[in-house]
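Numbering follows full-length UniProt numbering, with no gaps: position 118 of the sequence shown is 118. For glycine and all other residues, C-beta sits at the position ideal for the given N, C-alpha and C. Remember, it's a predicted structure, so these values are computed and weren't measured experimentally. The next block holds one structure in the form of structure tokens; read it before the comments.
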Amino acid sequence: MSRSMYYDDFEPGQVFTSQARTMTETDLTMFSMLTGDWNPIHNDSEFAGQSRFGQRLMHGAFGIGLGLGLMHTLGIFEDSAVALLDIEGWKFVEPVLIGDTLHLRLEIIDKSLGKSGNTGRIGRKFELVNQHGRAAHVGRADVLVRVRPVS
1 MSRSMYYDDF EPGQVFTSQA RTMTETDLTM FSMLTGDWNP IHNDSEFAGQ
51 SRFGQRLMHG AFGIGLGLGL MHTLGIFEDS AVALLDIEGW KFVEPVLIGD
101 TLHLRLEIID KSLGKSGNTG RIGRKFELVN QHGRAAHVGR ADVLVRVRPV
151 S
């Protein structure tokens with residue numbers, strides 16, 4: 001059974017919370033392989049140990065992808081999403097480390113119906129929240145969704 005929500009179902013102020021996921025060394029290595037980003041802060045334990053973080057940290061872009069993936073697990077855009085429109089103002093508030101457990105707090109911040117009346121823009125605030133209850137990444141990612149089909 002679909003949990004999909006459509007344009008009409010969303011209201012500013014609604015908050016959705018995803019399941020949590022723990023970051024692993026494999027996640028870090030696979031992301032480095034995928035992107036070709038072998039910066040030593042991510043991949044060299046000795047180098048990273050001398051940094052202000054004291055250990056290797058996950059790539060910032062990994063967090064953006066993780067946030068979108070955790071959003072998908074909510075199922076609320078499954079049948080209604082048309083396109084990701086933009087990602088704005090993404091901030092890396094705290095480092096994400098191997099072993100951190102993150103979940104997504106997704107807040108609907110605004111919405112606007114498109115000219116056709118068949119789709120609308122949903123403004124969404126993403127917060128990747130760590131196991132300490134602190135936001136590690138914060139940003140906005142808007143989506144174009146369908147209006148609920150008429151039965």
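For this session: Could you work out which residue in R124, A136, P149 is closest to G10 when comparing CA atoms only?
Result: Position check: residue 10 holds Phe in this sequence, whereas Gly was assumed. Comparing Cα positions, the closest option is R124.
For this session: Select from E46, I41, H137, T119 the residue whose C-alpha is nearest the C-alpha of T101.
Result: Nearest option by C-alpha distance: H137.
Exercise. Taking the Cβ atom as the reference point for each residue, do N106 and V15 lie within a distance shorter than 8 Å?
Worked result: For the sequence presented, residue 106 should be read as Leu rather than Asn. The Cβ atoms of L106 and V15 sit closer than 8 Å to each other.
For this session: Along the alpha helix (DSSP H) that carries T73, what are the first and last residues, could you check?
Result: 60-74 is the extent of the alpha helix (DSSP H) around T73.
Exercise. If you draw a straight line from the C-alpha of P95 to the C-alpha of F53, how long is it?
Worked result: Answer to the nearest angstrom: the Cα atoms are 8 Å apart.
Exercise. Under the three-state reduction of DSSP, which class applies to F31: helix, strand or coil?
Worked result: Note: F31 maps to helix in three-state DSSP.
For this session: May I have the straight-line CA-CA distance separating V147 from E127, to the nearest angstrom?
Result: Those two C-alpha atoms are separated by around 26 Å.
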